[in-house]
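S.K.:
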Amino acid sequence: MQSLILTTTTRLLAALLLMFSVYALLRGHNLPGGGFIGGLIGATAFILYTIATSEIEARRALRVGPSNIAVVGLGIAGLAGLSAGLAGEPFFTGQWLFLFAEDGGKGLPLSTVLVFDIGVYLAVFGGILTLVFALEEEI
Amino acid sequence: MADDYPKVDRVMGGPAGWISIAFPAVLFLYFLGLLPQIVTGPQVHGIDWVPSLGIRLSVLLDGLSMTFALLITGIGTAVTLYSARYLGQHPDYPRFVCYLLMFMVGMLGLVLADNMISLFVFWEVTTIASYLLIGFNADSAKSRRSALQALLLTGTGGLVMLGGMIILGNVAGTFELSQILEMGDMVRAHPWYMGILLLFLAGAFTKSAQVPFHFWLPNAMAAPTPVSAYLHSATMVKAGVYLMARMNPALGSTEAWFWILTIFGGITAVLASVMALRQTDIKQTLAYTTLMALGSLTMFIGAGTHYAIVAAMTFLVVHSLYKAALFLMIGIVDHATGTRDATMLRGLRKAMPLTGLAAALAAVSMAGIPPMVGFVGKEFMYKAGLGLDGFGAIWVTAMIFAASAMMFVTGGIVALKPFAGDLAETPTPAHEGPWPMLAGPLVLGGLSLFFGLVPGVLGHYLVGPATHAVEGEVHEVHLYLWGGVNTALILSLLTFLAGWLLYRSHESIRARLIAFEARSPIDFDAGWDRLLDGFKAVAGWQTRLIQTGSLQRYMAVTFASFVVLVGGTYLVKGAFGAGLGLTTASVHPVQWTVLALIAVGSILVVWTHSRMTAVAAMGVVGIGVSLIFIMFSAPDVAITQLLVEVLVVVLVSLAMLRLPYLPRRSKASFRPGHALIAGGVGVVTTFLTISVLGSPFDRRLTTFFEAASYPEAHGRNIVNVILVDFRALDTFGEITVVAMAALAALALLRGTAPRKEEN
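Just so you know, the protein sequences line up as chains A and B, in that order. Going by our numbering, the first sequence opens with residue 1, and the numbers climb by one from there. Going by our numbering, the second sequence opens with residue 140, and the numbers climb by one from there.
1) Taking A:Ala43 as the reference, give the member of A:Asn30, A:Gly94, A:Ser67, A:Ser83 with the closest Cα.
2) Along chain B, in chain order, which residues have C-beta atoms closer than 9 Å to that of A:Phe100?
3) With a threshold of 16 other CB atoms inside 10 Å of the CB of B:Ile661, please say whether the residue is buried or exposed.
4) Which of the three DSSP states is assigned to B:Arg234 in this structure?
5) Three or more beta-carbon pairs under 8 Å between the region 447 to 457 of chain B and the region 519 to 537 of chain B, yes or no?
6) Could you check the C-alpha separation between B:Asp324 and B:Leu168 for me, to the nearest Å?
7) Identify each residue in the region 853 to 867 of chain B for which the Cβ-Cβ distance to at least one residue of chain A is less than 7 Å, and report them in chain order.
8) Output needed for A:Val64: all residues of its chain with C-beta closer than 6 Å, excluding positions within five of it in sequence on either side, in chain order.
9) Taking Cβ positions, are B:Arg195 and B:Asn254 nearer each other than 8 Å?
10) Just to confirm the assignment, what range does the alpha helix (DSSP H) spanning B:Leu467 have?
11) Please state whether DSSP places A:Glu89 in a helix, a strand or coil.
12) So, B:Ser257 versus B:Trp331, is the Cβ gap smaller than 8 Å?
13) Ends of the beta strand (DSSP E) at B:Ile552?
14) Can you check the region 185 to 236 of chain B for any alpha helix (DSSP H) of at least 4 residues that lies completely inside it and give the ranges in chain order?
15) Could you work out which residues of chain B lie near A:Gly81, taking near to mean beta carbons separated by less than 8 Å?
16) Tell me the DSSP bridge mates of A:Trp96?
17) Under 8 Å between beta-carbons, which chain B residues line up against A:Ile37? List them in chain order, please.
18) If you count every other CB in all the chains shown that lies within 10 Å of the CB of B:Ser478, and 16 or more means buried, which is it?
19) Figure out for me which residue from B:Phe701, B:Thr549, B:Phe674 has the closest Cα to the Cα of B:Arg938.
20) What are the complete alpha helix (DSSP H) segments, minimum 4 residues, inside the region 375 to 433 of chain B?
21) List the residues of chain B whose Cβ lies closer than 7 Å to the Cβ of A:Asn30, in chain order.
22) Tell me B:Ala252's beta-bridge partners as DSSP assigns them.
23) Are the beta-carbon atoms of B:Gly391 and B:Lys346 separated by less than 8 Å?
24) Check whether the region 394 to 403 of chain B and the region 367 to 379 of chain B touch, using three or more Cβ-Cβ pairs below 8 Å as the test.
25) Thinking C-alpha only, which one of A:Ala45, A:Phe100, A:Gly81 is nearest A:Gly126?
26) Taking the C-alpha atoms as reference points, what is the distance between B:Ile306 and B:Gly507?
27) Report the CB separation of B:Pro594 from B:Val515 in whole angstroms; it is logged as a contact under 8 Å.
28) Could you list the residues in the region 63 to 88 of chain A with a C-beta less than 9 Å from some C-beta on chain B, going in chain order?
29) Return the residues of the region 428 to 460 of chain B that lie within a Cβ-Cβ distance of less than 8 Å from chain A, sorted by chain order.
30) By a C-beta neighbour count over all protein chains shown, 10 Å radius and 16 as the cutoff for buried, is B:Lys489 buried or exposed?
31) Rounded to the nearest angstrom, how far is the Cβ of B:Lys422 from that of B:Ser367, given a contact under 8 Å?
32) Are the C-beta atoms of A:Glu57 and some chain B residue less than 8 Å apart?
33) Verify the CB distance criterion: does A:Ala15 have a CB-CB separation below 8 Å to chain B?
34) Give the interface partners of B:Ala846 over in chain A, defined as CB-CB distance under 7 Å, in chain order.
35) What's the C-alpha gap between B:Ala141 and B:His474?
36) Helix, strand or coil for A:Gln2 per DSSP?
Below, the structure is given as structure tokens:
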């Protein structure tokens, strides 16, 4: 199905959705969002692109195989959990680093929790796209 | 049979060989160095492993574990040295060494563990390693079957034992053996004592091949000879004996313990002796004598008197020494002559003098003839048997008499007959074995003689401390070769007489036994096969019943179970009334609109004949639900729900495009069964929701998360903080499922239709 309107708007929409997905991922710790939602939104961007163009085009745009992304995400999440072991704490204890923290404030919080959430994002994103591409590819 | 593989050029097995020999040798010397300390008292060391569950990686080194450790590493050294020559040129020799060392480490860990859970872990390590070793000749179906049989039997026993360990751990409040063994009186008086005992014995009896689990052991002969030597002398089968001896202070000296162990042990011993006589393959004969030894050990641990424990511990060492030597000797004979058939081997003494010497030393010890240590062991067994009361004394003494006489006969069959007389034709001309293979049997045979001449050394360093550990209290142990003329000595002499008479007529007895076996309806091995076939049949029946392959059936069963189980619980508990007082006054007109949307969507799903329409209508329902989430300020849940609904519609539509076009199977526009299930789910869910809302809300978790979210997890969005921090492990599990489901679906889709040609 090739529709000029869909193809044109998709270029814009997909980019916006991808940006929004990263936004949702990063704000998740304090506001609605997070890795799971971000991953779903990101996947929607590529699904839209797939419907507008083709599965082959979408694969080309993604560059990396979606199943690889899912597995890498799983690995990142696992490593984020294991990193607590370096600090001698139980599996999945969050490790935090507050950059530029003024007294009372939390500055720029960096943490293994965020790394874990990125892993969740990639796992969900890759998992959904694996399914969609597989279903789309022969039609 | 040992030589039909492509040889790899290695001297003594190459690096794998040297490492495998050095490993047990160094450990042996290490344990030997610790021996003087252990004689004075036990030692406990350890580190915490899983502290929250009370699991420690701790070591209990007392006389019992020391005796086992020395046997494992000492005989281990002999066996690895032997294997380097025996199997060193086998293409898979490094793999073999790997398994063998794993076996050794498992067994060492088992006897040294102070924590029951780590004991169990090592117990299973030996089970797995023995599976790999017995099945080492993996291209032989017999080998694979024997390996699987050993794995299933001892593995099941191990799991049953784990149950016993957990119960005992709860009763005692600790998993540390060194503490549990001090609480014997409390454990024995506990109402769960019987259960604990039976579960433990299930583990010990399967591992140590007691009747009726004995049949795996002779089959395990499929393993290469050095493995058999190791498995039968110092490891694997002795694990069960170790467990019974170890648990004696906690579980022993009760009526149940006494009778279960002496009766099963006695039957095993005598049955095995008779079966040993029936075999023509001398390796099989030896396998059955191991059963006999295990039966005797079980019987004496069960008898539990001081002399019985001394007899058991002495016989443990005696048996390990002669059994390892005999197995290794048979390997040499097999290698040199090409056969293990007792009826074909004659007069090897000139061609193989050193092998003959080792065989003679070991066999004389097995037959219990002075001055070998076997005689010391047998004297104490009789002494122990005679020292019991009432029926126990008659039973144990009779069993020992029968078994010892048979040992005398089998000693003659495996070691006297092949070497005496005139040289007979063998498939390959007999020649002496190489030194690495002779060293083990000669040293072990020599030790049998040495300990027989100076039994005091054995008594002081090994048997004494081991007896102390098993009894839980200190008694002086004095082993001797000559105890004067007493009942035990007279019984010994009678044993020799009976043995000699049996040996003279053993060939006709064997013929009769073979004939009897052919007619006997009892065949444990065939029974095992029938048991497995039965399991497979039940599994097949159950799979056909539950896994029909029809999606419709799965859905129907799932939802019907939901209705029956949840609805049934509601009816039984009378909970339908809860929450019915809720009013609808607070519903806003906008909310009514959303509800109407959901209702229309649902009706459309039921009404339509087009699947595509049904999927889209389901999407409408889902979106309505997410609108409700937004209204009740749960934006996270709403966004997720919305996205999931959209994706589900996309995915299902895509999947439908791939489905073949089939004519409708049923013309019916109304399906009462489906309607009943669907209506039932609706009703039950509605009542469930109402009564949940009507129950008082437990705010404990909410309060905790609200309080801890920002200060501890540095996040204000509680939902996400729970997902990625408080419950990160759950989320990790979920994304694993997501990724695996995607990969599985990919494999299925790729598997059903070939991929289009790429252009």
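Even for Gly, the Cβ is constructed at its ideal location relative to N, Cα and C. Values in this document were obtained by computation on a predicted structure and should not be read as measured data.
M.R.: In brief:
1) A:Ser67
2) Within chain B, no residue comes near A:Phe100; the closest Cβ sits about 15 Å away, beyond 9 Å.
3) exposed
4) helix
5) yes
6) 38 Å
7) His853, Gly854, Arg855, Asn856, Asn859, Val860, Leu862, Val863, Asp864, Ala867
8) none
9) yes
10) 445 to 476
11) coil
12) no
13) Where B:Ile552 is concerned, there is no enclosing beta strand (DSSP E), given that its DSSP letter is neither H nor E.
14) 202 to 225
15) Ala867, Leu868, Phe871
16) A:Ser111
17) Asp775, Ile778, Thr779, Leu782
18) As written in the sequence, residue 478 of chain B is Thr, which differs from the Ser given in the question. B:Thr478 is buried by the Cβ-count criterion.
19) Since the first residue shown for chain B is 140 and the last is 898, residue 938 of chain B is missing from the structure and cannot be characterised.
20) 376 to 390, 394 to 417
21) Gly854, Arg855, Asn856
22) B:Val198
23) no
24) no
25) A:Ala45
26) 41 Å
27) 5 Å
28) Pro66, Ser67, Ala70, Val71, Gly73, Leu74, Ala77, Gly78, Ala80, Gly81
29) none
30) exposed
31) 7 Å
32) no
33) no
34) The contacting residues do not exist; B:Ala846 stays about 16 Å from chain A at best.
35) For B:Ala141, the predicted structure reports a pLDDT of 46, less than 50, and the residue's modelled location is therefore unreliable. A value from the coordinates is still provided. For B:Ala141 and B:His474, the distance between alpha carbons rounds to 7 Å.
36) coil
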